[in-house]
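This report refers to the structure that appears directly beneath it.
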Amino acid sequence: MRILLVEDQDDLRTSLQIRLQEECFVVDIASDGEKGSFLARSNDYDIIILDNHLPKKNGIEICRDIRESKKQVPIIVLSVLDDTDQKIELLEAGADDYLTKPFSFYELMARIRAILRRPQKLVQSLFQIDDLLLDAQKHEVRRGNTEIYLTKKEFMLLEFLLRHIGSVVSRGDILEHVWDIHADPFSNTIETHILSLRKKIDTAGKHKLIHNISGRGYKIGLKK
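Just so you know, we're using the UniProt record's numbering here: the sequence shown kicks off at 1 and counts up by one.
As structure tokens, this is what we get:
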């Protein structure tokens, strides 16, 4: 899943980025309101976390920009002020939640999970093809009765492929959703991770599920 984090405090931004990545989120970052607003309107995110007091554009303006662009992505606003009027203004501008600084990372994660559990934001967490099962909530992968242990990036890559079962996904799609906007498009990291996944998933005696579509990208599915 992909998060946009807009925060001008360097230490907090870096800390949150690392912790969110440890939770298997792809994290794009911005340090000012103008860049944050541009990224939010130009890309598809599962959730946006933004500080209210930013250079160039504040949280209220960014929320309005996002909603005016017709995007329904959930927005959590961070602020040092525990002010009722400000909370109301932000919620009316399009924010979904409001968290006062300082806060616990565990509380932030609880709020993220609560938002994603809402019916209108329901995200599929179980994926199956043939005898391969991925449980995104439990962070488990099985092929038949055998549990498969993946690195975080391998898990994120497999989940992305499974969210597009039967469809070809390009290298660009994978870089954008599994890595981040700063990933090197000329690196062979995707090929390396695909090879590693195949060794773990497409074992002897099993149907081959991960396919290279020449000149187009990759697909997960059963060959007919």
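Glycine residues also receive a C-beta, built at the ideal position from the N, C-alpha and C atoms.
Pair within 7 Å by beta-carbon distance, residue i and residue j
i	j	result
residue 54	residue 77	no
residue 127	residue 116	no
residue 144	residue 131	yes
residue 111	residue 93	no
residue 48	residue 75	yes
residue 178	residue 160	yes
residue 169	residue 98	no
residue 1	residue 44	no
residue 105	residue 19	yes
Residue i burial status per 10 Å Cβ neighbour count (16 or more: buried)
i	result
residue 122	Because the pLDDT of residue 122 is 47, which lies under 50, any placement of that residue in the model is unreliable, and the question is left without a value.
residue 103	exposed
residue 37	buried
residue 152	exposed
residue 3	buried
residue 5	buried
residue 30	buried
residue 69	exposed
residue 214	exposed
residue 85	exposed
residue 16	buried
residue 22	exposed
residue 243	Not covered by the structure: residue 243. The range shown for the chain is 1 to 224.
residue 212	exposed
residue 222	exposed
residue 82	exposed
residue 57	buried
Closest by C-alpha distance to residue i, when choosing among the options
i	options	result
residue 136	93, 24, 19	24
residue 13	1, 2, 27	27
residue 191	209, 154, 44, 222	154
residue 62	84, 160, 91	91
residue 80	66, 177, 89, 100	100
residue 41	67, 170, 178	67
residue 9	114, 20, 52	52
residue 220	189, 157, 19	157
residue 147	172, 39, 203, 195	203
Delimiting residues of the alpha helix (DSSP H) encompassing residue i
i	result
residue 149	Here residue 149 belongs to no alpha helix (DSSP H), and DSSP marks it neither H nor E.
residue 167	First-last for residue 167: undefined, no H or E at that position.
residue 106	105 to 117
residue 217	No alpha helix (DSSP H) holds residue 217; the beta strand (DSSP E) holding it covers 217 to 220.
residue 11	10 to 22
residue 39	33 to 42
residue 211	No alpha helix (DSSP H) contains residue 211, which is instead part of the beta strand (DSSP E) from 210 to 213.
7 Å Cβ cutoff, residue i in contact with chain D
i	result
residue 136	Note that chain D does not occur in the displayed structure, where there is just one protein chain.
Boundaries of the beta strand (DSSP E) in which residue i is found, first to last residue
i	result
residue 135	132 to 135
residue 97	97 to 100
residue 196	Careful: residue 196 lies outside any beta strand (DSSP E), inside the alpha helix (DSSP H) at 189 to 201.
(message) Using a Cβ distance threshold of 8 Å, determine whether the region 199 to 208 contacts the region 161 to 168, with at least three qualifying pairs required.
(response) With the cut-off at 8 Å, the region 199 to 208 and the region 161 to 168 do not touch.
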